[in-house]
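Just so you know, we're using our numbering here: the sequence shown kicks off at 416 and counts up by one.
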Amino acid sequence: MIRILVGCFLALAALAGPSQADDKFLPKDRGEITMSFAPLVKRTAPAVVNVYAKTIQREPQQAGGPFDDPFFRQFFGGNSNGAPRERIASSLGSGVIINANGTIITNNHVIKNATDIRVALADKREFPAKVILADERTDLAVLKIDVADESLPVLPLANSDDLEVGDLVLAIGDPFGVGQTVTSGIISALARNNVGISDYQFFIQTDAAINPGNSGGALVNMKGELIGINTAIFSKSGGSIGIGFSIPSNMVATVIQSAQTGKAIQRPWLGGEFQNVTQDLADSLGLARPEGVLVTNISPQSPLAKAGLKRGDVLMAFDGKALDNAQGLNYLLGTSRVGDSKLIEYRRGDASFQATLQMVSAPETVARNQTEITGKNPFAGMVVANLSPAVADELNMPADATGVVIMDIKNGPAAQFVQKGDIVREVNGQKIDTVASLNTMINQSPRRWVIGFERAGQLIYLRLGL
């Protein structure tokens, strides 16, 4: 049987022998079949670390606490659970050393809201870590540990655009806290979207076993280069079933670059809304197959408008790369830099066109006046801001959205009925269009409140009072 298998491999290798420009090949003999990943693991594993994070979580407390007073009961009933009780929760993840000075990349969800972060190296030494940059939109974070003058092992970044389905990969991390673990597999798919992890739905899928604790760990190629940060799995049981997702290294590189410059991440803005092209749309648009991205709306001050594009155009390629869906466009935009110029190819009717787009940041056309609302009112705990294209872009909202948007929700009554991204439209019959007008209504301290807010395009009214 072994001779037959080896003979098959040799026959396939002869038929599909590699060209001089391609270093990927099938095994040629028994020796190659029994090759080991051990040398590759020895070279890469020391650059993968464990990340321990502690967070303070708040749990409902029995009635009788300082928040168990008539004011809060008038909104939420007489059986208020009172003030939250704090407890310390620990989480475990992984990370990758990307600079010999102790700079580490990991997932944002591993260290989100952490009050204490520690990093354990492969040699079991532990160091306190500080957050240099945390980016919720990409679900990536950059940490720094102080190793004095020591030079730590690092993983170089590969160009993730060069990956192909079927490439061999290794996943390195600390699943379930059992200790550093290496698993092998292949790239199962590229450009996976609708995973629901971050704003940039464009992931490498692998069948290399990834489990809880692997988040933030390394996905490496056979050259010992970092091709992705392991981020999530698809599982109904909580364990690996061979469907894992990693953030491509090209996206990782943009976050690392921002961390190294010490500046906030600047993302290019197109100022448009887009829709995937279905078969029905392709038929109506005269396309041979579903491809490209349909432009459904354009902001008048956007780079798209300035380049002459219109609603109804179909974007076919961005910077020479074909577009299959809106998530792919979003990824290519996210890995571009403000100040660049990119060639866009698009169709309008039966004609094809090209245009050059200038990569610019979304403009802040009105002062955001970001404010955290406090005091005894149903808005307490909201962090609100005036909407502009810049704020809308941060929240992944339509570029032409206006009004007062909820940027975040701290502890308080507001957490009971609003969500991040809701727009406050009306309070007690008065239109709310700025943070200042909202503050004016709050300062009137009425006994009854009728609040209208917009969520996902729908207007919702809430009545609060005695």
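Every residue gets a Cβ at the ideal spot worked out from N, C-alpha and C, and that includes glycine.
Minimum Cα-Cα distance from MET666 among the listed residues TYR876, GLY643, SER603, ALA722 corresponds to GLY643.
Your pair ASN645 and ALA586 checks out as a contact, with CB atoms roughly 6 Å apart and the cut at 8 Å. Residues ALA795 of the same chain have their beta carbon placed closer than 7 Å to that of THR789, with the five preceding and five following residues left out of the count. Counting the other CB atoms within 10 Å of its CB gives LEU744 a total of 16 or more, which places it among the buried residues. Counting C-beta atoms within 10 angstroms of its own C-beta, ALA633 has 16 or more neighbours from the protein chains shown and is therefore classed as buried. Annotation: the continuous beta strand (DSSP E) that includes GLY867 extends over 864–870. Distance from the CA atom of PRO683 to the CA atom of SER756, rounded to whole angstroms, is 10 Å. Proximity of the stretch 512–522 to the stretch 543–563 meets the contact definition, three or more beta-carbon pairs being nearer than 8 Å. Listed in chain order, the beta strand (DSSP E) elements of length 3 or more contained wholly in the stretch 611–645 are 618–621, 633–635. Nearest Cα to SER603 within the set VAL463, LEU583, GLY594, ASP589: LEU583. Residues ASN801, VAL819 of the same chain have their beta carbon placed closer than 7 Å to that of THR849, with the five preceding and five following residues left out of the count.
Shown here, PRO715 sits in coil according to DSSP, grouped into three states, outside any helix or strand. Sorting ILE513, TYR876, LEU507, GLN859 by C-alpha distance to the C-alpha of THR669 places ILE513 at the top.
For GLY677, the closest of ALA549, GLU579, PRO571 by C-alpha to C-alpha distance is ALA549. For LEU700, the uninterrupted alpha helix (DSSP H) run begins and ends at 694–700, by DSSP. When the five nearest sequence neighbours on each side are left out, the beta carbons in the same chain lying within less than 6 Å of the beta carbon of GLU779 are those of SER803, ALA805, in order along the chain. Within the same chain, LEU455, ARG458, THR459, LEU570, PRO571 come within 8 Å of GLY639 by CB-CB distance, once the 5 residues on both sides are set aside. Contact between ALA830 and ILE838 does not hold, since their C-beta atoms are separated by about 17 Å, which reaches or exceeds 8 Å.
DSSP places LEU802 outside any beta strand (DSSP E), giving it a letter other than H or E. One alpha carbon belongs to GLN742, the other to VAL692, and they sit about 12 Å apart. Across the set ALA777, THR855, THR553, the C-alpha of ALA777 shows the shortest separation from the C-alpha of GLY686.
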